[in-house]
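To start, the structure under review is shown below, and the notes come after it.
There are 2 protein chains.
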Amino acid sequence: MTPELKLQPLRCLLAILDQGGFHAAAKHLHRSQPAISMAVRDLEERLGQPLFEKGNGKALLTPFGQWCAPRFRELVAHHDRVSRDAQAMASHRAGRVDIAAVPSVASRLMPGILASFVNEYPGIEISLQDGHSELVAQMVVTGEVELGITSLWQPQEALESTPLLHDEIGVVCREDHPLAAHQSLHWRELTGHALIRNGTSRLLEGSPAEGLLEQSALYISNMISLTAMLEAGIGITTLPRLAFQEEHDRLRFVPLSKPRLERRIGLVSRANVSLSPAAAAMQRHVMAYLEDRKT
Amino acid sequence: MTPELKLQPLRCLLAILDQGGFHAAAKHLHRSQPAISMAVRDLEERLGQPLFEKGNGKALLTPFGQWCAPRFRELVAHHDRVSRDAQAMASHRAGRVDIAAVPSVASRLMPGILASFVNEYPGIEISLQDGHSELVAQMVVTGEVELGITSLWQPQEALESTPLLHDEIGVVCREDHPLAAHQSLHWRELTGHALIRNGTSRLLEGSPAEGLLEQSALYISNMISLTAMLEAGIGITTLPRLAFQEEHDRLRFVPLSKPRLERRIGLVSRANVSLSPAAAAMQRHVMAYLEDRKT
DNA sequence: ATAAAATGATCAGGAAGACTTACCATGACG
DNA sequence: CGTCATGGTAAGTCTTCCTGATCATTTTAT
Numbered sequence: 001m002t003p004e005l006k007l008q009p010l011r012c013l014l015a016i017l018d019q020g021g022f023h024a025a026a027k028h029l030h031r032s033q034p035a036i037s038m039a040v041r042d043l044e045e046r047l048g049q050p051l052f053e054k055g056n057g058k059a060l061l062t063p064f065g066q067w068c069a070p071r072f073r074e075l076v077a078h079h080d081r082v083s084r085d086a087q088a089m090a091s092h093r094a095g096r097v098d099i100a101a102v103p104s105v106a107s108r109l110m111p112g113i114l115a116s117f118v119n120e121y122p123g124i125e126i127s128l129q130d131g132h133s134e135l136v137a138q139m140v141v142t143g144e145v146e147l148g149i150t151s152l153w154q155p156q157e158a159l160e161s162t163p164l165l166h167d168e169i170g171v172v173c174r175e176d177h178p179l180a181a182h183q184s185l186h187w188r189e190l191t192g193h194a195l196i197r198n199g200t201s202r203l204l205e206g207s208p209a210e211g212l213l214e215q216s217a218l219y220i221s222n223m224i225s226l227t228a229m230l231e232a233g234i235g236i237t238t239l240p241r242l243a244f245q246e247e248h249d250r251l252r253f254v255p256l257s258k259p260r261l262e263r264r265i266g267l268v269s270r271a272n273v274s275l276s277p278a279a280a281a282m283q284r285h286v287m288a289y290l291e292d293r294k295t
Numbered sequence: 001m002t003p004e005l006k007l008q009p010l011r012c013l014l015a016i017l018d019q020g021g022f023h024a025a026a027k028h029l030h031r032s033q034p035a036i037s038m039a040v041r042d043l044e045e046r047l048g049q050p051l052f053e054k055g056n057g058k059a060l061l062t063p064f065g066q067w068c069a070p071r072f073r074e075l076v077a078h079h080d081r082v083s084r085d086a087q088a089m090a091s092h093r094a095g096r097v098d099i100a101a102v103p104s105v106a107s108r109l110m111p112g113i114l115a116s117f118v119n120e121y122p123g124i125e126i127s128l129q130d131g132h133s134e135l136v137a138q139m140v141v142t143g144e145v146e147l148g149i150t151s152l153w154q155p156q157e158a159l160e161s162t163p164l165l166h167d168e169i170g171v172v173c174r175e176d177h178p179l180a181a182h183q184s185l186h187w188r189e190l191t192g193h194a195l196i197r198n199g200t201s202r203l204l205e206g207s208p209a210e211g212l213l214e215q216s217a218l219y220i221s222n223m224i225s226l227t228a229m230l231e232a233g234i235g236i237t238t239l240p241r242l243a244f245q246e247e248h249d250r251l252r253f254v255p256l257s258k259p260r261l262e263r264r265i266g267l268v269s270r271a272n273v274s275l276s277p278a279a280a281a282m283q284r285h286v287m288a289y290l291e292d293r294k295t
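Those protein sequences? They're chains A and B, same order as listed.
Just so you know, the UniProt record's numbering puts 69 at position 69 of the first sequence, and the rest follows in order with no gaps.
Just so you know, the UniProt record's numbering puts 156 at position 156 of the second sequence, and the rest follows in order with no gaps.
As structure tokens, this is what we get:
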């Protein structure tokens, strides 16, 4: 019923109009002149009406042709737009990645990563949000974000993860605290000191130091508040090194050596679902960036 | 640089999505299944990115594919429209308009409009379908129809709209309902009465009467069912006047005066795309018809 | 007026592409 | 463990499309 108008003949028609003749159009399209003739005839047959006035030697549109031409032009333009956009999307020159990361990574690692990424892929839109590790994992599972950077808790069915770096756990206290002078600490040395729990405290769970958590009466989730409490000398806390702001001159970070604890930070994405081109580029970039940085 | 996307492979892709599998698509397109596979592979090669997830047995789009699919669908729809229009024009049927309208307009306004239109333009084919307001807008955007008559929700980028008329919102209840005797109503007077929500209830959102919706336990989308519920005295509802069938002798329409609410009905078409002659004629006709009718 | 040039149309042959038939690999299910 | 579904692959056939040569007609130049 409705004939299938192929794009090439339409392009021929438009080229004839733009270039002002069959021969010129042929040259413009890098085709031979008969090809143009045939394309036009094919179109005319499909539509059941002549597009060009016959008889006189010149290329002149029929009224029907005049009616068709702008629509054909629009259609071809539409095609080119779609094709170009898809091409741009496929080759990472456009697109969008949504990322979630735990706060420490978001504030200390991502700025550098994103700076070099936007430099390399200027067309890609990026959205970064932070949340605690389980929230990050959940956002990846639900598809709210495509990539997550978070603690590798335990292998989850729906997630695919790549380890990125190890982050050592240590004790944070004020510089004048008795523990501040140590080079490293055994967990027993913490007993008796007021311990403030925070969002990363669950990293102690399952280790010999787990018992310490039960003695702790304070839980502070906000990092700013936590820092203020530590500076006020209200107690000590445990943090991964990455989450400790090393610039703080009144606070000290002392690694826990027995047990030596660390969280493994990794890049997670949904399993069995391939990433968008933009997200794949981001994934490669993150991994390359951290690989470089290790050396 | 920009690959030439042929239409047939695009159709294959869409058929796979719509029919839910390669085999089903093949049957639908009267092709063999390998042809579909090859078409998809051809597309993927041109774009440089896979469109379908490999490995698992099911036909699942990659994110890139999900991004592409709606654009491809739009492009194919555009082609079909151009092809159909040209075909119609070639066969002296002078044209064709596809219109979508919200149900109230389709049932109460369009009969009169179309009656006079076919009288004036006997050669033009008309197709009218109805759907809720967002569906109408979407059909215009995708090019499934050229003209839409719908609630002007908020100005949309891809759409061009012309206001046609204002449609007052009111309360509909049975004639023996306590509210039926009023000439107009303040929204507070509705509290305590069982309110049935319907497809037009979102018109109350953002107004003082919005709170009423939360008390409502019933949502009925079908107008016939809604009328039956009202006649049974199960509750009251709000409707634009145009959606209320004035012939109903057991139901009453009482305007809401505080707040006075109205939906603006308008004629929408795609922006930056010229209408077919037939659609342009229809657009002029609709506007003239309603201008006449106001007086 | 006549030759020269340019227009588009036509035809046969060949290269490229698309479709089909037949067969293969894999995963779900009883 | 076999059966049925999925989609992927390979070789052969057929169609489509393009080219090169040639023709008919009109326009232009001498």
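We put the CB at the ideal spot given by N, CA and C, even for glycine.
Values in this document were obtained by computation on a predicted structure and should not be read as measured data.
- Our two residues, A39/B and S32/B, have alpha carbons roughly 11 Å apart in a direct line.
- Interface with chain A (8 Å Cβ-Cβ cutoff): T238/B is excluded.
- In this structure, L261/A lies near L203/A, with their beta-carbon atoms less than 8 Å apart.
- Taking 7 Å as the Cβ-Cβ cut-off, the stretch 177 to 188 of chain A has no residue approaching chain B.
- E4/A and D80/B have their C-alpha atoms roughly 8 Å apart.
- Nearest Cα to G65/A within the set A90/B, W153/B, A69/B and Q66/B: A90/B.
- Ranked by Cα distance from E146/A, the options Q138/A, E134/A and W153/A are led by Q138/A.
- Runs of the alpha helix (DSSP H) spanning 4 or more residues and lying entirely within the stretch 132 to 181 of chain A occur at 133 to 142, in chain order.
- DSSP, read as helix, strand or coil, puts H186/A in strand.
- Within the same chain, and ignoring the five residues on either side of L75/B in sequence, the residues whose Cβ sits closer than 7 Å to its Cβ are L10.
- Annotation for D98/A: the continuous beta strand (DSSP E) segment containing it runs G95 to A101.
- R71/B and T62/B have their C-alpha atoms some 15 Å from each other.
- A direct Cα-to-Cα measurement between T238/B and L14/A gives close to 54 Å.
- Per DSSP, the unbroken alpha helix (DSSP H) holding G112/B starts and ends at M110 to E120.
- When Cβ-Cβ separations below 8 Å define contact, E144/A makes no contact with chain B.
- Closest in alpha carbon position to I220/A, among Q154/A, S201/A and K294/A, is S201/A.
- For T62/B, the nearest CB of chain A lies under 8 Å from its own CB, placing it at the interface with that chain.
- A distance below 8 Å between beta-carbons, with the five flanking residues on each side excluded, links T191/B to the following residues of its chain, in chain order: L212 and Q215.
- The beta-carbon of H28/B is placed no less than 8 Å from the nearest beta-carbon of chain A.
- Contacts between R284/A and chain B, judged by CB atoms closer than 8 Å, are missing: the closest CB pair is about 14 Å apart.
- Residue pairing by DSSP places Q129/A opposite A100/A in a beta bridge.
- If you check the CB distance, L218/A and R197/A come in under 8 Å.
- Within chain B, the C-beta atoms nearer than 8 Å to that of S83/A come from T2, P3, E4 and L5, in chain order.
- Proximity to R41/B across S116/B, V136/B and C12/B peaks at C12/B, based on C-alpha coordinates.
- Taking a Cβ-Cβ threshold of 9 Å, none of the residues of chain A is close to C12/B; the smallest such distance is about 13 Å.
- Within the stretch 120 to 134 of chain B, not one residue has a Cβ closer than 9 Å to any Cβ of chain A.
- L239/B is bridged by DSSP to G170/B.
- Residue-level contact check: P163/A does not touch chain B, since none of the beta carbons of chain B fall below 8 Å from its beta carbon.
- Under the 8 Å criterion on CB atoms, C173/B is classed as non-interfacial with respect to chain A.
- Using a Cβ-Cβ distance cut-off of 8 Å, the stretch 245 to 254 of chain B and the stretch 170 to 184 of chain B are in contact, since at least three pairs of beta carbons, one from each stretch, lie closer than that value.
- Chain-order list of chain B residues neighbouring G233/A: empty, with the shortest C-beta distance near 50 Å, by a criterion of under 8 Å.
- Nearest CB-CB separation between S269/A and chain B: not below the 8 Å threshold.
- Leaving aside the five residues that flank P277/B on each side, the residues in its chain whose CB is nearer than 7 Å to its CB run, in chain order, G95.
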